[in-house]
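Novice: In the working numbering, the protein residues as written are 47 to 249.
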DNA sequence: ACTGCGATGTCCT
DNA sequence: GGACATCGCAGTT
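1. Closer than 7 Å by C-beta to residue 130: which residues in its own chain qualify, once you throw out the five before and the five after it? Chain order, please.
2. Which whole-angstrom value describes the C-beta separation of residue 178 and residue 157, a residue pair presumed to lie in contact below a C-beta threshold of 8 Å?
3. Consult DSSP for residue 157 and reduce its assignment to one of helix, strand or coil.
4. From residue 243 to residue 155, what does the alpha carbon distance come to, in whole angstroms?
5. Hey, quick one: how far does the beta strand (DSSP E) through residue 236 stretch, first residue to last?
6. How many angstroms separate the CA atom of residue 187 from the CA atom of residue 82?
7. Helix, strand or coil for residue 116 per DSSP?
8. What are the boundary residues of the alpha helix (DSSP H) that includes residue 131?
9. Could you compute how far the alpha carbon of residue 228 sits from the alpha carbon of residue 105?
10. Quick check on residue 47: does DSSP put it in helix, strand or coil?
11. In chain order, what residues of the same chain lie with their CB nearer than 8 Å to the CB of residue 146, ignoring the 5 residues before and after it?
12. Alpha carbon to alpha carbon, how far is residue 128 from residue 116?
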């Protein structure tokens, strides 16, 4: 079944200017869209985490601007993509005003369209639930790498489309995954009961 | 089911 | 030289 890409409405720039915690929650239920080799890859965002330069020692920008994290200090509505563990990429949506580093890590999406291409990008052994459950898996399934660092979300190649505004009772709030400082901050959000979340039982 | 660990580039001290 | 916003595999219970 086909997804009506042409009917999807891009989120406007002011969506990303909002406080990062609010935006991390609001991004749940929205659609990440990426055109890859002429095909549309679409995923419903089901899991996010917020990072902020202030009072968050796990944020890459906590100690100020560097070559690596400079995109986080740029205007909102852009992708901050970083490389880690020698093999993985992770992707964030830059939020809040320019010169303030705040971003939402996209941790998992539910595949909606372009599933065959995602399976090709991820490899043959992975089922639907493992295609994009995890920040590096998501990047691999959507062909996101260093070339996409700094890309804006207002063109035709990569954008986020409006979807459901998830009610608060459908959103689970927990601590973040895979960090070793500021572990107590409840800045991870996911859709309750969703099968495509990376690790539903934490927190 | 759970646990441990290797891979391996880039940034930061 | 150490750490890292991870993942997948192998071994064990």
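Using N, Cα and C, we set each Cβ at its ideal position, and we do this for glycine too. Values in this document were obtained by computation on a predicted structure and should not be read as measured data.
Specialist: On the basis of the supplied data:
1. Sequence index remark: in the first chain, residue 130 carries index 84 (1-based). These residues qualify, in order along the chain: 136.
2. Here residue 178 refers to the residue found at position 132 when the first chain is read from its first residue. Here residue 157 refers to the residue found at position 111 when the first chain is read from its first residue. So it is a contact: roughly 6 Å between Cβ atoms.
3. Along the first chain, one-based indexing puts residue 157 at 111. Looking at residue 157 - three-state DSSP - the assignment turns out to be strand.
4. Your numbering for residue 243 matches position 197 in the first chain. Your numbering for residue 155 matches position 109 in the first chain. Cα to Cα, residue 243 sits roughly 7 Å from residue 155.
5. Walking along the first chain from the start, residue 236 turns up at place 190. Unbroken beta strand (DSSP E) run through residue 236: 234-237.
6. Along the first chain, read from residue 1 onward, the residue named residue 187 stands at position 141. Along the first chain, read from residue 1 onward, the residue named residue 82 stands at position 36. Spanning the two alpha carbons is a distance of roughly 11 Å.
7. Your numbering for residue 116 matches position 70 in the first chain. Reduced to three states, the DSSP call for residue 116 is helix.
8. Sequence index remark: in the first chain, residue 131 carries index 85 (1-based). Residue 131 -> no alpha helix (DSSP H), and no H or E assigned at all.
9. Working through the first chain from its first residue, we reach residue 228 at position 182. Working through the first chain from its first residue, we reach residue 105 at position 59. Roughly 9 Å separates the two Cα atoms.
10. Within the first chain, the letter at position 1 stands for residue 47. With a pLDDT of only 48 at residue 47, under 50, the local geometry of the prediction cannot be trusted, and the value read off the model is given with reservation. Residue 47: coil per DSSP, three-state reduction.
11. Taking the first chain and counting its residues from 1, one reaches residue 146 at position 100. Within the same chain, residue 146 has close Cβ partners 99 and 119.
12. Here residue 128 corresponds to residue number 82 of the first chain, with the count starting at 1. Here residue 116 corresponds to residue number 70 of the first chain, with the count starting at 1. Taking the straight line from one Cα to the other gives about 11 Å.
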